[in-house]
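Note sheet for the following structure.
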Amino acid sequence: MANRANDGFFSVFVLRKFSKLFTWAAVRLRVTPNQITLISFAIGLLSAYEFSRGDFWSIFTGALLLQLSIIVDCVDGELARYTRRFSQLGAWLDAITDRIKEYLVFFGLAYGAARDGQDLWIPAMAMMVFQAVRHLSDYNFARINKVRSTDLPIIDFKVANDGFVPIKKAKKSRLQYWAKKAIQFPIGERWLVISASAVIGGAAFTFTVMPILATLSIVAVFRARLRVTRTWPKQRVNKEVIDDQLDTFKNAKSTNRFDWLEPSILRALEGAVIIGLTVISDLNRPTAFLLLFAIIYGHYDNLYRALQGEHKPKWLSLAGAFITGRIALLGLFVIFSWSITPLVWYFGVLFLVVSSIQWVAGEKSRVS
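Going by the numbering used here, the first residue of the sequence shown is number 978, and it counts up by one from there.
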């Protein structure tokens, strides 16, 4: 039951110490990895509910449940590696439920704060957009970098070093290694900060600390990635992965080597417009949060499909209205002071229910 190679400091030295005890029990009870994922999901939802109650002991309970949720979340991967039961469906379920849990915790914190007269909906929405932008860039850079790293130049068989590809390895101390891991602000550290800050200072403190740490992390990480990107040839690779996430018109002639950033930039722009319209209008802010949540879920759906080589059906893309259509539609509702509840229901059902069912059904048919 080895740790994942990309685990962070808190996951390796704390969470995994507990999760392996649960994994030992799961093996003996013959529980499947997907069942473990759903248990972790249920605990995460309960955590969000406790945060939404707003009082200290409920927040304290929510914080503990959030940590329990991520410990159990570690179990599904450990169990899959131990039993050799891997599937694309399991990977999708694990990833998408993590995102739902995290963003509903943001909703719960903002809702609980509203009970105490604090309006934290805009910071909660901004943090959700910020995290989505970061997630998409992480996945896309990792995929493109991997493709480029394996696309090595061919060495003529007549030269003396035929068969040898020099690889530069920078020596790192354990302190440097774990410091770089921590500054990436992975899920273990992120959820620890959410739990600890909420208990210490409530939701307002969480939505103050989280953006600061997330900004420091993204600056450090992007600085390194942009440096690496500038060394790449000025051409695109694996462009279908990026194009399938744009949710707008594609430029087939583009040679932009920074294309791994394009989905993140578009998500940031769409999120900024929705938040801006919420600020300048009298839109119900909890409802606006849920609308943004549904749309961001749709973008994660695009991401996971693209990474697994699946193209979203055209009818599903058209039903999602693309970026320009959604913004125009929301702008129309704002101009006429209409309730956006119908939009929340429409995009919520479309992205969270219809799209998910279509993906799962398609995956099962491919496996069978």
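We treat Cβ as the ideally placed atom computed from N, Cα and C, and that holds for glycine.
Among residues of its own chain, excluding the 5 on either side of Ile1273, which ones have a beta-carbon nearer than 6 angstroms to its beta-carbon? Counted from its first residue, the sequence shown places residue 1273 at position 296. Here the set comprises Ala1109.
Bounding residues of the alpha helix (DSSP H) (the contiguous stretch that carries Lys1230): On the sequence shown, residue 1230 is found 253 positions in, with the first residue counted as 1. Element bounds for Lys1230: n/a, residue is neither H nor E.
Leu1042 and Ala1175: beta carbons closer than 8 angstroms? On the sequence shown, position 65 is the one that residue 1042 refers to. On the sequence shown, position 198 is the one that residue 1175 refers to. Not a contact, by the Cβ cut-off of 8 angstroms.
Is the number of C-beta pairs between the region 1186 to 1194 and the region 1230 to 1250 that are closer than 8 angstroms three or more? no
Could you check whether Ala1283 and Gln1212 sit closer than 8 angstroms to each other, using their CB atoms as the reference points? By 1-based counting over the sequence shown, the position of residue 1212 is 235. By 1-based counting over the sequence shown, the position of residue 1283 is 306. Taking 8 angstroms as the Cβ cut-off, Gln1212 and Ala1283 do not qualify as a contacting pair.
Exposed or buried, which one is Glu1217 when buried takes at least 16 other CB atoms within 10 Å? Within the sequence shown, residue 1217 is the residue found at index 240, counting from 1. Flag for Glu1217 reads exposed.
Distance check for Ile1048 and Pro1319, CA to CA, integer angstroms please. Translated into the one-based positions of the sequence shown, residue 1319 becomes position 342. Translated into the one-based positions of the sequence shown, residue 1048 becomes position 71. When rounded, the distance between both Cα atoms is 37 angstroms.
Outcome for Ile1257 when other beta-carbon atoms lying within 10 angstroms are tallied against a minimum of 16: Against the sequence shown, residue 1257 aligns to sequence position 280. Ile1257 is exposed by the Cβ-count criterion.
Touch check for the region 1016 to 1031 and the region 1069 to 1078: three-plus C-beta pairs under 8 angstroms? yes
Count the C-beta pairs between the region 1060 to 1077 and the region 1010 to 1024 that are closer than 8 angstroms, then say yes if the count reaches three, no if not. yes
Cβ neighbours of Leu1327 in the same chain (closer than 7 angstroms, five flanking residues each side left out): As a working mapping, residue 1327 is identified with position 350 in the sequence shown. Excluding sequence neighbours, Leu1327 sits near Ala1296 and Gly1297.
If we ignore side chains and look at the alpha-carbon of each, how far apart do Ser1126 and Leu1307 end up? Indexing the sequence shown from 1 puts residue 1126 at position 149. Indexing the sequence shown from 1 puts residue 1307 at position 330. For Ser1126 and Leu1307, the distance between alpha carbons rounds to 42 angstroms.
May I have the straight-line CA-CA distance separating Ala1173 from Thr1009, to the nearest angstrom? To locate residue 1173, count along the sequence shown from 1; it is residue 196. To locate residue 1009, count along the sequence shown from 1; it is residue 32. Whole-angstrom Cα-Cα distance: 31 angstroms.
Burial state of Arg1151, where buried means 16 or more other Cβ atoms lie within 10 Å: The count along the sequence shown starts at 1 and reaches residue 1151 at position 174. With fewer than 16 other Cβ atoms within 10 Å, it is exposed.
Measure the alpha-carbon distance for Asp1224 versus Ile1304 and round it to whole angstroms. The sequence position of residue 1224 within the sequence shown is 247, counting from 1. The sequence position of residue 1304 within the sequence shown is 327, counting from 1. The straight-line gap from Cα to Cα measures roughly 12 angstroms.
Expected contact under 8 angstroms - CB spacing of Ile1171 and Val1082 to nearest Å: Position 194 of the sequence shown, counting from 1, holds the residue named residue 1171. Position 105 of the sequence shown, counting from 1, holds the residue named residue 1082. With 8 angstroms as the limit, Ile1171 and Val1082 qualify as a contact, their Cβ atoms being about 6 angstroms apart.
When the Cα atoms are used, what is the spatial distance from Asp1053 to Ile1334? In the sequence shown, residue 1053 corresponds to position 76, counting from 1. In the sequence shown, residue 1334 corresponds to position 357, counting from 1. Whole-angstrom Cα-Cα distance: 22 angstroms.
Got a sec, what are the start and stop residues for the alpha helix (DSSP H) Trp1315 sits in? One-based indexing of the sequence shown puts residue 1315 at position 338. Segment: none, Trp1315 is in no alpha helix (DSSP H) and carries neither H nor E.
With DSSP collapsed to three states, give me the class of Asn1011. Along the sequence shown, one-based indexing puts residue 1011 at 34. Residue state, collapsed to three classes: helix.
Tell me which same chain residues have a C-beta within less than 6 angstroms of the C-beta of Asp1133, skipping the five on either side of it? Taking the first residue of the sequence shown as position 1, residue 1133 is located at position 156. Caution applies to Asp1133, whose pLDDT of 47 falls short of 50 and renders its modelled position unreliable; the value that the coordinates give is listed next. Result list for Asp1133: empty, nothing under 6 angstroms.
Taking a contact to mean a Cβ-Cβ separation below 8 angstroms, would you say Arg1244 touches Thr1255 in this structure? Against the sequence shown, residue 1244 aligns to sequence position 267. Against the sequence shown, residue 1255 aligns to sequence position 278. No. Outside cutoff.
Alpha carbon of Cys1051 to alpha carbon of Lys1230, nearest angstrom: Numbered from 1 along the sequence shown, position 74 holds the residue referred to as residue 1051. Numbered from 1 along the sequence shown, position 253 holds the residue referred to as residue 1230. Going by the C-alpha atoms only, they are around 42 angstroms apart.
Report the option in Tyr1059, Ala1338 and Ala1159 whose CA atom is closest to the CA atom of Ala1002. As a first step, residue 1002 must be located in the sequence shown, where it is residue number 25. Among Tyr1059, Ala1338 and Ala1159, the Cα nearest to that of Ala1002 belongs to Tyr1059.
Check whether Arg1293 and Ser1342 have beta carbons under 8 angstroms apart: Sequence index remark: in the sequence shown, residue 1293 carries index 316 (1-based). Sequence index remark: in the sequence shown, residue 1342 carries index 365 (1-based). According to the sequence displayed, residue 1293 carries Leu and not Arg. No.
Terminal residues of the alpha helix (DSSP H) in which Phe1033 lies: Sequence index remark: in the sequence shown, residue 1033 carries index 56 (1-based). Per DSSP, Phe1033 belongs to the alpha helix (DSSP H) from Phe1033 to Thr1060.
CB-CB under 6 angstroms to Ser988, same chain, minus the five flanking residues each way: which ones, in chain order? Counting from one through the sequence shown, the residue named residue 988 turns up at place 11. These residues qualify, in order along the chain: Gly1165.
Which class does Ala1276 belong to by DSSP, given the choice of helix, strand or coil? As a working mapping, residue 1276 is identified with position 299 in the sequence shown. One detail in the question is off: residue 1276 reads as His in this sequence, not Ala. It is helical.
Let's see if you can read the secondary structure: which residues bound the alpha helix (DSSP H) around Phe1199? Translated into positions along the sequence shown, residue 1199 becomes position 222. From DSSP, the alpha helix (DSSP H) with Phe1199 extends over Ile1164 to Thr1206.
Using the beta-carbon count (16 or more within 10 Å), is Val1124 buried or exposed? Position 147 of the sequence shown, counted from the first residue, corresponds to residue 1124. Val1124 should be labelled exposed.
Which residues in the same chain as Val1186 place their Cβ atom closer than 7 angstroms to its Cβ, once the five residues preceding and following it in sequence are excluded? The sequence position of residue 1186 within the sequence shown is 209, counting from 1. Contacts found: Val1170 and Ser1174.
Which residues in the same chain as Ala1181 place their Cβ atom closer than 8 angstroms to its Cβ, once the five residues preceding and following it in sequence are excluded? In the sequence shown, residue 1181 corresponds to position 204, counting from 1. Around Ala1181: Ala1090, Gln1095 and Leu1097.
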